[in-house]
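First comes the structure, then the notes that go with it.
Numbering (my numbering), first residue to last: -7 to 255.
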């Protein structure tokens, strides 16, 4: 990862970084970041000397064919951990177990509290399960991270990436030892998550939206579908209107021809 991807990424895109001193040289820590692009999981580890382990959907490891095997080998090589997302609760528990194992090994664990990429560049409400429970179960400090402009490098639908300088701001570690033993209190989980999201918002400068990104994506998809259906209905109405006009013109021409014949 450091040599084959990290080196070229830093050389080509020249990401700027603030707050590297906030990442401990050794010992467990949680890197809680906003999520703007699939490349976030590459840019962040590329600028750090230590290995960062993220979780990845199991499909990256189980897709058949040559491309699937190459993808699986790549994600295993960079230290990604597969998580089955077929069941929401099962996926959450698997992510928590994976995070705890990584931290108990004294490593860095990367997590995106929003649960998915932002659909529009804004910062969405953090999910209280994974981040908070892993932090309270291990006592590891939580380091807020802001990825900046990574979504502009390769927007959806764009094949070739745009060469530009993304940014990474790393905040000071947050200590949640005051909540020790309260990892099953949903109010504590919510408070811890909101505190982390607030720090990420300050670092990133993003507009905060008090709803989950998954819900926002559903709304955007439904709006796009409605717009498409409205456009289709409009085109069909235009087609029907043109057909009616053509028929009226034909009827008028036939009537005039008939009148001329009778005359």
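Idealized CB from N, CA, C, for every residue including glycine.
If you check the beta carbons only, do residue i and residue j fall under 9 Å apart?
i           : j           : result
residue 201 : residue 125 : no
residue 192 : residue 105 : yes
residue 48  : residue 73  : yes
residue 138 : residue 25  : yes
What does the alpha-carbon distance come out to for the pair residue i and residue j?
i           : j           : result
residue 180 : residue 190 : 15 Å
residue 46  : residue 153 : 23 Å
residue 36  : residue 160 : 7 Å
residue 231 : residue 225 : 10 Å
residue 44  : residue 150 : 28 Å
residue 167 : residue 97  : 19 Å
residue 29  : residue 111 : 10 Å
residue 246 : residue 253 : 11 Å
residue 218 : residue 33  : 34 Å
residue 203 : residue 209 : 11 Å
residue 115 : residue 185 : 13 Å
residue 143 : residue 206 : 17 Å
residue 140 : residue 196 : 6 Å
Quick check on residue i: does DSSP put it in helix, strand or coil?
i           : result
residue 160 : strand
residue 101 : strand
residue -4  : helix
residue 204 : coil
residue 237 : helix
residue 212 : helix
residue 129 : helix
residue 28  : coil
State the start and end residues of the unbroken beta strand (DSSP E) segment that holds residue i.
i           : result
residue 40  : First-last for residue 40: undefined, no H or E at that position.
residue 191 : No beta strand (DSSP E) contains residue 191, which is instead part of the alpha helix (DSSP H) from 178 to 196.
residue 49  : 47 to 49
residue 64  : Run containing residue 64: none in the beta strand (DSSP E); it sits in the alpha helix (DSSP H), 57 to 69.
residue 166 : Where residue 166 is concerned, there is no enclosing beta strand (DSSP E), given that its DSSP letter is neither H nor E.
Which two residues bound the contiguous alpha helix (DSSP H) that contains residue i?
i          : result
residue 75 : Premise fails: residue 75 lies in the beta strand (DSSP E), 73 to 75, not in any alpha helix (DSSP H).
residue 0  : -1 to 5
residue 9  : Here residue 9 belongs to no alpha helix (DSSP H); instead the beta strand (DSSP E) covers 8 to 10.
* Asked: So, do the region 88 to 105 and the region 168 to 179 have three or more beta carbon pairs nearer to each other than 8 Å?
  -> no
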